[in-house]
C-alpha cells in the first residue's frame, strides 16, 4: 500500500511538471529544432537542401529585397552593440559577464561553422539573454563576388545550423566586409531574412588601451550607431604580421614574415579589457544599448537598457528549450568534422594542467605526424596504406570501438603495415568522466585482446573537447591527441584535386609544416576516393620536403650526412622520444639566476648612463646623430661606437640572423651552420614565435645564441614624414612592456638550455632598423638587457637577386680591401622566408674558408657572441676588452 502511494505521488508530480511545460510560454514558441531531436540519419541534421531549393525557386519568381539596417533614427541616445564571429568559450563568457555587470544588451553574429564546432558557447549566449543572429557560414569576405547558388547554400546552411543549436532561427544576417548589392539583397530575402546589418562603427581593440582612449572613441560616436567588435578574424590569413610597423626604415628593412596563421590576431585579454573600457565609457557618456533588431522597428520605440553597474540581474529568463541541448549536440558532434572543421595552427600551450589536448608535440626532433580516421571506405583505406608504404611513412590511425567490430580485417591490415593505433572516442554532450573512461577502456581492451595492440593514445575526432573528457583520458594515463591542421573542410567534399584543397588549406602564407605538428586526415569524407592519398603526398612534397637543404651538390637524397629532411612518424613515437621533448614553459627552477629578470638588472641613473651605454653599445657606421639616433647630444654620440666590430685581435667573425620565419627557411640555415660546425646568434622577433616554439628551442639546443629583436618590431626612432624630424614610436611604458614580453617568450622556451655550461639565451638586443634613442637604451638596461648590438655589415640578403651577388656582399663584410679579415666583424642576415639565397651563400663562403690553410691570414673562424661579450667587456675601452677577447675561444 505504501508503494502504491509513492507511485501515485510520483505520477502526480510528473503530471504537474508536464502541465507546467505545456502551458509555459516557451512551449508555444516555434521550435525549429524539434524535428532534429531524435535524429537517426546524421547526414540530414544540417542538411539545408530543401531550404536552398526553396530560396532558389523564390529568386526566380520574386525580386523582393531585404532591407539594410545601418542605424537608428529614433533620436534616443543609444547604440546597438554587436560582436561579430566567436572567440574561445572562456573569453565569450567573460564578455557575457561584463554585459551582465553593466546591464548592457548586445547582438552576437555567429557563423555556422563556429556554431557547429562549439554549440555550447552559442547556447550560453542565449542563456544570458543576448541576441543571436547569422554571420553566414564562415564569415567569408566579399560575398557579393560569389555565384548566387553558392551564396544561397551558404546562408541556408548557416541558418539551419543555428536553428538546430538554439531552437530559434535568426531574423538578421550580417555579411563580413561585403557590399550589399541589389542581387545580394534579393538572395538574402529569398533565404528567409528580412534585413541585413551594416555597421557604421568598428572598435579597434588595440587602440582602446586606456579609459581616456575609450572616452574619446565614445565621444565620436553618433547616437543610433551600430558599434561592432570583431571576435573572429577573416578566413584568409593576412601575410603582414600584426603589430609590425609599416614605416620604412633606412636600413635593416625586414621582409614580410610568413608564419602559421593564428586562430586570432588579437589577444583575448586585449578584447576583454577593451570591451570593459567601452562599457564604462558608454555609461559615463549616458549612452544606453539596444539590440540591432530594435533598430528595424520603425513603428515602435525600442526599450534600451542603461549601461550601469548592477550587483544582480534577475530579469534574464532562461528558455526551457535548452534542456534539450544535450540531445541536439549528440548529433552535432557527428557532423562537425565532416562539414565545419577549419584548419588551425596552434601556439604553444602551458603544461601546468596535465589533462590537456596535444595539438602539437613539444619536441625538437625534425619530425611531424600524419594521423588518420574513418575506416568505412575500404577503397580509400587501401589507397592510403599503399601510398604510405611506397613513401616509407608510418602513421597513426585512430579507430572507434564500433569500427573495431565492423571492420576488423581492415584494422588488421593497418596493423600489419606497421602503423600505430589509437582509440577514437565520441563522447555525448554531458557525458560523465566515468562514462568516457569506460568507453576508452573498452576500446583499449578490444585492441589488446583481439588485435594484440597496446595503446595510450586517444582522440576525439571532432567537436570541442570537454573538460570531463580531458580528465577521463588523463586519469587513465593516456594522451589526448588533437591536431595542428585538420585537412578536411566541409566545402571540399566534392573537390577533385589536391591543388584545389591545398590552395584553401594553406593559402599563400604557410610555406611549410613544422616540427611536432599533427596533420589529420579523414578517410571517409571525400567523394573522390583518391583525394586523401593525393593530399598526403602533395603535402609531403610541398610542405615537408621543401624544409630540407637540397642543392645539386648537397642533397638528402644523395648525401647520407645531410640530415635536414624532416620525417613523418607516428605521433606516439615522437611523444615517447624524450631525448627531444621538453616542457613549455620551462621550469623556473631550471632557469639560471642570471636570466631571471627580477634578479639581474643594471642600475642606470643620470650619472652612469653614458658610461654604461658606451660600454654596451656596438653600433653601425650608418647610424648617426642625424639618422636614427635620438636624445643624445652631439658630444654624447662621440662616445658611442660606430664600427660595429667586437674588440678582438682574433681572426673571428660573427654570424647573426634577424626576425623570424618558418621551418622552410630556418632549418636550412641551421643545417649549414651545423655542417660547418659554426655558431650563430639569432635575434628573434617574438610576435609570432609561440606559434612554433619547437623551432626556437631547436635553434638553442643546436648551440646557438638567442637574442631579442623586440616583440612588435617597432623602431626606437623613426623620421616623421610630415615634419622631417626624428620621433619615438612608443612611450617608455609601452617600450618596457614590449621588451619584457619579448624576453619572457624567449625565456619560457629556451631559458634552461645551456651550451658548454653557458646559457643559449642571452640578454643581447638588436634594435629594429638599428635605430636607438636615449630613452630606449635606458629602458633596455632597466629591463635587464646587457648589450645593444647592431653590427658592422648589413648584408641586405632579403633584397639579393642571386647567390653570387649575396656571396660578394658577405665577403665585403668579412674582408678588408687588402684581403685581411675584419676582426670582430658582425654580419647581419635574416631568417625570413623571402631570404632564399642566404643558406647557400653561407655554405659557399664557409666551404671556401675551410679549404684554406690554417696559416692563411685570410682564414677566419666563426665565434659565438656570448663568448666575447662577457663580464668586464667594454666597447669603448679597447685595451681592456682585448685582454678578455684576444685568444682562441674554441
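Numbering (our numbering), first residue to last: 38 to 927. Beta carbons are placed, not taken as given, at the ideal position from N, Cα and C, and that holds for glycine.
For residue 756, I'd like the list of residues in its chain whose CB is within less than 6 angstroms of its CB, leaving aside the five on either flank, ordered along the chain.
As a working mapping, residue 756 is identified with position 719 in the chain shown. Apart from the 5 residues on each side of it in sequence, residue 756 sits with its Cβ closer than 6 angstroms to the Cβ of 763 in its chain, given in chain order.
Less than 8 angstroms between the C-beta atoms of residue 874 and residue 709, yes or no?
Residue numbering aside, residue 874 sits at position 837 when the chain shown is read from its first letter. Residue numbering aside, residue 709 sits at position 672 when the chain shown is read from its first letter. It is not a contact, given that the beta carbons lie outside the stated cut-off.
Name the one or two DSSP bridge partners that residue 744 has.
Here residue 744 refers to the residue found at position 707 when the chain shown is read from its first residue. Bridge partners of residue 744: 720.
Fully enclosed by the segment 89-157, which alpha helix (DSSP H) runs are 4 residues long or longer?
126-138 and 149-154
What three-state label does DSSP hand residue 693 in the structure shown?
Residue mapping note: residue 693 aligns to position 656 of the chain shown, counting from 1. Residue state, collapsed to three classes: strand.
Give the C-beta separation of residue 434 and residue 458 to the nearest angstrom, bearing in mind that I take them to be a contact with Cβ-Cβ under 8 angstroms.
Along the chain shown, read from residue 1 onward, the residue named residue 434 stands at position 397. Along the chain shown, read from residue 1 onward, the residue named residue 458 stands at position 421. Their Cβ separation, rounded to whole angstroms, is 6 angstroms, which keeps residue 434 and residue 458 in contact under 8 angstroms.
By the 10 Å Cβ neighbour count, where 16 or more other Cβ atoms means buried, how is residue 736 classified, buried or exposed?
Here the question's residue 736 lines up with position 699 in the chain shown. Classification of residue 736: buried, given that the 10 Å Cβ count is 16 or more.
Taking Cβ to Cβ, would you say residue 143 is nearer than 8 angstroms to residue 167?
Within the chain shown, residue 143 is the residue found at index 106, counting from 1. Within the chain shown, residue 167 is the residue found at index 130, counting from 1. Yes, these two residues count as a Cβ contact at 8 angstroms.
Kindly indicate which residue of 332, 577 and 790 has the alpha-carbon position closest to the one of residue 425.
On the chain shown, residue 425 is found 388 positions in, with the first residue counted as 1. Closest by alpha carbon: 577.
Here's a check: name, in chain order, each residue in its chain whose Cβ is nearer than 7 angstroms to the Cβ of residue 472, leaving out the five neighbours to either side.
The residue given as residue 472 occupies position 435 in the chain shown. Nothing meets the Cβ criterion.
Quick check: residue 474 and residue 492, are their CB atoms within less than 8 angstroms of each other?
As a working note, residue 474 is residue 437 in the chain shown. As a working note, residue 492 is residue 455 in the chain shown. No; because the gap between Cβ atoms is not below 8 angstroms, this pair is not in contact.
Can you give me the C-alpha to C-alpha distance between residue 90 and residue 872, rounded to a whole angstrom?
Residue 90 sits at position 53 when you count from the first residue of the chain shown. Residue 872 sits at position 835 when you count from the first residue of the chain shown. Answer to the nearest angstrom: the Cα atoms are 51 angstroms apart.
Which class does residue 554 belong to by DSSP, given the choice of helix, strand or coil?
Start at 1 with the first residue of the chain shown, and residue 554 comes out as number 517. If DSSP states are grouped into helix, strand and coil, residue 554 belongs with the strands.
Short check: CB of residue 786 to CB of residue 733, under 8 angstroms?
Translated into the one-based positions of the chain shown, residue 786 becomes position 749. Translated into the one-based positions of the chain shown, residue 733 becomes position 696. Yes.
Flag this pair as yes or no: are the beta carbons of residue 124 and residue 269 separated by less than 8 angstroms?
Locating residue 124 in the chain shown gives position 87, counting from the first residue. Locating residue 269 in the chain shown gives position 232, counting from the first residue. Yes, the Cβ-Cβ distance between residue 124 and residue 269 is below 8 angstroms.
Under three-state DSSP, which class holds residue 399?
Taking the first residue of the chain shown as 1, we reach residue 399 at position 362. Coil at residue 399, not helix or strand.
In terms of residue numbering, what span does the alpha helix (DSSP H) encompassing residue 438 cover?
For the purposes of this step, residue 438 is taken as the residue at position 401 of the chain shown. Note, residue 438: alpha helix (DSSP H), 438-443.
Can you tell me the Cα-Cα spacing of residue 445 and residue 436, whole angstroms?
Start at 1 with the first residue of the chain shown, and residue 445 comes out as number 408. Start at 1 with the first residue of the chain shown, and residue 436 comes out as number 399. Taking C-alpha positions only, residue 445 is separated from residue 436 by approximately 10 angstroms.
If you drop the 5 nearest sequence neighbours on each side, which residues of the same chain put their C-beta closer than 6 angstroms to that of residue 136?
Position 99 of the chain shown, counted from the first residue, corresponds to residue 136. Cβ within range, chain order: 143.
Between the C-alpha atoms of residue 149 and residue 159, what's the straight-line distance to the nearest angstrom?
Position 112 of the chain shown, counted from the first residue, corresponds to residue 149. Position 122 of the chain shown, counted from the first residue, corresponds to residue 159. So the alpha carbons of these two residues sit roughly 10 angstroms apart.
I'd like to confirm the pairing. Which residues does DSSP put opposite residue 435 in its beta bridges?
Here residue 435 corresponds to residue number 398 of the chain shown, with the count starting at 1. Answer is 410 and 459, bridged to residue 435.
Less than 8 angstroms between the CB atoms is what I'm expecting for residue 479 and residue 438, so what's the real figure, rounded?
Here the question's residue 479 lines up with position 442 in the chain shown. Here the question's residue 438 lines up with position 401 in the chain shown. The Cβ separation is near 6 angstroms, so the contact holds.
Using 8 angstroms as the cut-off, can you tell me whether the segment 317-325 makes contact with the segment 240-255, which would need three or more C-beta pairs spanning the two stretches below that distance?
yes
Can you confirm whether the segment 812-822 touches the segment 648-666 when touching is taken to mean that 3 or more C-beta pairs between the two stretches lie within less than 8 angstroms?
With a cut-off of 8 angstroms on Cβ pairs, the segment 648-666 is in contact with the segment 812-822, counting three or more such pairs.
When you compare each of 182, 837, 806 and 644 to residue 216 by their alpha carbons, which one comes out closest?
By one-based count along the chain shown, residue 216 stands at place 179. Ranking 182, 837, 806 and 644 by Cα distance to residue 216 puts 182 first.
Quick check on residue 527: does DSSP put it in helix, strand or coil?
To locate residue 527, count along the chain shown from 1; it is residue 490. In this structure, residue 527 counts as helix in the three-state DSSP scheme.
Would you verify that the beta carbon of residue 586 is, or is not, closer than 8 angstroms to some beta carbon of chain B?
Within the model displayed, chain B is absent; a lone protein chain is all it includes.
Straight-line CA distance for residue 314 to residue 485?
Here the question's residue 314 lines up with position 277 in the chain shown. Here the question's residue 485 lines up with position 448 in the chain shown. So the alpha carbons of these two residues sit roughly 57 angstroms apart.
Scan the segment 826-906 and note each continuous alpha helix (DSSP H) run of 4 residues or more that stays entirely inside, going in chain order.
840-851, 875-887 and 902-905
Helix, strand or coil for residue 346, going by three-state DSSP, please let me know.
One-based indexing of the chain shown puts residue 346 at position 309. Here residue 346 scores only 41 on pLDDT, less than 50, and its place in the model is too uncertain to base an answer on.
Under a three-way DSSP split, which group does residue 788 fall into?
Here residue 788 corresponds to residue number 751 of the chain shown, with the count starting at 1. Looking at residue 788 - three-state DSSP - the assignment turns out to be coil, as it is neither helix nor strand.
Would DSSP call residue 916 helix, strand or coil?
Residue 916 sits at position 879 when you count from the first residue of the chain shown. Looking at residue 916 - three-state DSSP - the assignment turns out to be helix.
I'd like to check one pair, residue 605 with residue 581: are the Cβ atoms closer than 8 angstroms?
For the purposes of this step, residue 581 is identified with residue 544 of the chain shown, where counting begins at 1. For the purposes of this step, residue 605 is identified with residue 568 of the chain shown, where counting begins at 1. Contact: yes.
If I follow the unbroken beta strand (DSSP E) through residue 327, where does it start and stop?
What you label residue 327 is simply residue 290 of the chain shown in a count that begins at 1. From DSSP, the beta strand (DSSP E) with residue 327 extends over 325-327.
Looking at residue 638: is its Cβ nearer than 8 angstroms to the Cβ of residue 819?
Taking the first residue of the chain shown as position 1, residue 638 is located at position 601. Taking the first residue of the chain shown as position 1, residue 819 is located at position 782. Contact flag set, yes.
Take residue 799 and list the residues in its own chain whose beta-carbon comes closer than 6 angstroms to its own, dropping the five residues that flank it on each side.
The residue labelled residue 799 in the question sits at position 762 within the chain shown. Contacts found: 742, 744 and 903.
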